[in-house]
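A short worksheet on the structure shown next.
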Amino acid sequence: MKVFIAGGGTGGHFYPAYSVAQYMKNIGFQIYYFGTEKGIEAKKEFPADKKYLFDITGVRGKGFLSSVKSIVKLIKATKEILLHIKNEKPDFALCFGGYTSVPVGLACALTGTPLFIHEQNSIPSYTNRLLSYFAKKVFITFEYTGKFFPQNKTVLTGIPVRDAVKKDLNTSQKEARSILGIPDRKTVLVVGGSQGAKKLSQTAVETARMMPHLQFILIGGKHFPQPENLPENVFYFEYMDRIGLAYSACDIAVSRAGASSTYELMTAGKYTIFVPFPYAASNHQYYNALWLKERGLAELVEEKELSPEVLAEKIEEAFSKDLTGIEKFLKNISIKNAEEIITKEILDETGTL
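Residue numbers (the numbering used here): 719 to 1071.
Below, the structure written as structure tokens:
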């Protein structure tokens, strides 16, 4: 079977697409991947037989001329994808969000190619809301998201997590710390998502100075290079390919609330202090984490309220909780085989299974 997969720009779209593509490829599918030239997919390998990258960007939030140029590029990409559909005759397409999901989705609608979409966030993007009218099924990460789509189309699947991450999550805490080259002591992981988070990282460094009895793993990202005079209890990484090791090594985490990060931390069973990106579309990061806070499984601090003192207080509160019980519960409610569920649902819907 041939499948067209679209999704990228940031790790939040790219890695779930990667996970499903890897699973499908392993069971014999031919994978054709569509992404952008400026997204994370331009730098990373993807388990595809063919990979196409387009020079396209978003339309919203731009001036008139920039919006017109973006629309022209989207139309051009749609025409090109129409030709790929005509030549390759894919059995279906699966979109994970990001700019290329628009032309792939529209091309499917115009050709009658079965379309499926996965929405990672609690509040769906306008792209996926539009594409849901043409989609056979909409796979969602959080129950909250169901109200935004036709109920007869939604399937709760969680987020596909990469096999490499799952494997590293099975590493013991002591071994994970040894592999990362850090001491075996109480550890706080601080991660700002694939784009990094300058204020969150700066606050974490100052908090670490106030809490020498703890050690911190800080993944700064491209927007927060390693600062001078870093406290001795902070272990800095600009980027970490094996993020599962960092999850295994820590006791608690401080993180942005992107859908992938949120769900991976759930899968790892880690109590997390979430600091949502305040400018996320429709404030979706806040709602990604809100339901966990309401169940007592996480904390939620808005960035405008963030300070070293506040973060230190929340960290101390976290260590006073039953972290073992929370870990067990989080692992129980996370769906660990999303890629398998998505594939089965698609094959059922298309009559192949």
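In this text, a Cβ means the ideal position worked out from N, Cα and C, and glycines have one as well.
Predicted model, so just to flag it, every value in this text is computed and none were measured.
| Query | Result |
| --- | --- |
| By the 10 Å Cβ neighbour count, where 16 or more other Cβ atoms means buried, how is ASP1066 classified, buried or exposed? | exposed |
| Apart from the five residues just before and just after TYR751, which ones in its own chain have a Cβ nearer than 6 Å to its Cβ? | ILE723, PHE764, ALA766 and LYS769 |
| Is the region 999-1015 in contact with the region 935-945, if contact means three or more CB pairs nearer than 8 Å? | no |
| Looking only at DSSP bridge pairs, what is ILE991 linked to? | VAL972 and GLU1017 |
| Based on DSSP bridge pairs, tell me the residues matched to ALA724. | PHE752 and CYS813 |
| Helix or strand or just coil, what does DSSP make of VAL908? | strand |
| Just to confirm the assignment, what range does the beta strand (DSSP E) spanning PHE955 have? | 952-955 |
| With DSSP run on the structure shown, which of helix, strand or coil describes VAL883? | helix |
| Is there at least one Cβ from chain B nearer than 8 Å to THR1042's Cβ? | Here chain B cannot be found, since the structure has a single protein chain. |
| Could you compute how far the alpha carbon of LEU771 sits from the alpha carbon of ALA922? | 36 Å |
| If you reduce the DSSP assignment to three classes, tell me which class HIS1002 lands in. | helix |
| Measuring CA to CA, which of ILE841, GLU1027, ALA915 and GLU759 is closest to ARG927? | GLU1027 |
| Out of SER788, VAL822, LYS720 and PHE782, state which residue places its alpha-carbon closest to the alpha-carbon of GLY726. | VAL822 |
| Using the three-state DSSP reduction, which class does PHE860 fall into: helix, strand or coil? | coil |
| Which full runs of the beta strand (DSSP E) of 3+ residues lie inside the region 769-845, going along the chain? | 810-813 and 833-837 |
| Decide if THR863 is buried, meaning its Cβ has at least 16 other Cβ atoms within 10 Å, or exposed. | buried |
| Nearest CA to the CA of PHE866: which residue from PRO878, VAL879, LYS892 and GLN838? | GLN838 |
| Is the beta carbon of GLY876 sitting closer than 8 Å to the one on ARG974? | no |
| State the Cα-Cα distance for the pair VAL1075 and ASP773, rounded to the nearest angstrom. | There is simply no residue 1075 to check, as the chain begins at 719 and stops at 1071 in what is shown. |
| Please name the residue in GLU1063, ILE1051 and LEU963 whose C-alpha comes closest to that of VAL883. | LEU963 |
| Between which two residues does the alpha helix (DSSP H) carrying ILE1064 extend? | 1056-1067 |
| Could you give the DSSP three-state label for GLN740: helix, strand or coil? | helix |
| Between SER979, PHE992, SER1052 and MET719, which has its C-alpha nearest ALA1036's C-alpha? | PHE992 |
| With DSSP run on the structure shown, which of helix, strand or coil describes THR872? | strand |
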